[in-house]
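Residue numbers (our numbering): 338 to 705.
I have placed the structure first, in the form of structure tokens, so that the comments after it can refer back to it.
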Ligand SMILES: Cc1cc2nc3c(=O)[nH]c(=O)nc-3n(C[C@H](O)[C@H](O)[C@H](O)COP(=O)(O)OP(=O)(O)OC[C@H]3O[C@@H](n4cnc5c(N)ncnc54)[C@H](O)[C@@H]3O)c2cc1C
């Protein structure tokens, strides 16, 4: 491409979404610079599970995943109200891995691909094609806002008007213990969930998501004596980390030469386990839009990619909000595991949305 810009793409933020955007753009042959204010590898509160659709999305844009340490999971198990319901993924395997391991592997791939990585470089503003940095500035044909849920790029590009959303609060902690199940376990409490992801042969990630900002893991664990007993003698292998889990929808995810990706571009509740998958799928779509020189096409793709996770997020949040519904759905899934499997297949994109609707009708019949 012949122009006077110093780079084709400048990515603001080097979390998973920014690195995915950089890698996908680089694969299309663009010059890419990425700036992040932090020093890598960057840790963040996350459930650390990649479902099969996320693994496939990573593969599709050439993101290598860490091969060790990591741990597989073959489906999801819901526990609560005295019942347990299990569903396997129809295809593929999910992988749990420490966030820092994922970050390090993505950084190495981006470096090898030739992305100009600038750590400890804060982006302080954008002005047309100019990106202002804490240590200088760069001109870019396109600017990608991958700066997370509290995105300033979103504000600078005036894409935060009409933004809708709700928030919950997440905490995570790691325990040194062999995973006791080949599933991500979601323990349903009253207005909170604890979920357990195997992340290494001898380590699990325990994440709490709650509406109450004062609730902490130790209080929440006391509601699940069996789970608490499993963890009681395991050593804690990380310090607690918290983050907001937002369900957020933007009217528009691009404007002029700026496009948003990952949590900056809207998000679904953490309990869906779909945040990273969304970022990887969006990265592929954004690189395609750059190649077509048509950012409007990214909006269409972004809407399509977000549709299914948004629906699942709404369903899961209604189970959180309405205890009688939760009790009856858990009982229905435990009594009819094939129903749970159909919903999970739709959740990970292995079945069409119409299949989710028919599973919903079957579930409704079960509840009646
Ligand atoms: C408790 C919890 C559990 C979750 N569990 C899962 C799960 O199991 N599976 C899953 O797929 N998803 C999960 N998610 C969601 C997932 O973690 C997010 O979707 C993902 O981290 C979003 O990545 P991102 O790159 O968009 O944002 P971030 O990871 O927040 O990265 C943004 C980056 O931008 C940088 N930055 C910000 N401002 C600037 C600036 N001005 N200049 C330079 N750099 C800047 C930051 O330093 C940061 O590195 C969970 C989330 C929470 C809160």
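Cβ coordinates follow ideal geometry from the N, Cα and C atoms, glycine included.
The Cβ-Cβ distance between residue 646 and residue 527 does not fall below 8 Å.
Within the same chain, 349, 350, 490, 601 come within 6 Å of residue 484 by CB-CB distance, once the 5 residues on both sides are set aside.
Residue pairing by DSSP puts residue 540 in a beta bridge opposite 537.
Inter-residue distance for residue 691 and residue 678 is about 15 Å (C-alpha atoms, whole angstroms). In the DSSP assignment, residue 347 falls within the beta strand (DSSP E) that extends over 344 to 349. In the DSSP assignment, the residues bridged to residue 579 are 508. Straight-line spacing of the CA atoms in residue 474 and residue 455 works out to 12 Å.
Of the heavy atoms belonging to ligand 1, none sits nearer than 7 Å to the Cβ of residue 429. When DSSP states are grouped into helix, strand and coil, residue 496 belongs to the coil group.
The residue from 695, 632, 680, 627 with its alpha-carbon nearest to that of residue 368 is 627. In this structure, residue 417 places its C-beta atom within 8 Å of the C-beta atom of residue 525. Counting only the Cα atoms, residue 649 lies some 17 Å from residue 529. In the DSSP secondary-structure assignment, residue 424 is bridged to 413.
For residue 522, the enclosing beta strand (DSSP E) starts and ends at 520 to 525. Annotated three-state conformation of residue 467 is strand, per DSSP. Taking 8 Å as the cut-off, the Cβ atoms of residue 585 and residue 384 do not count as close.
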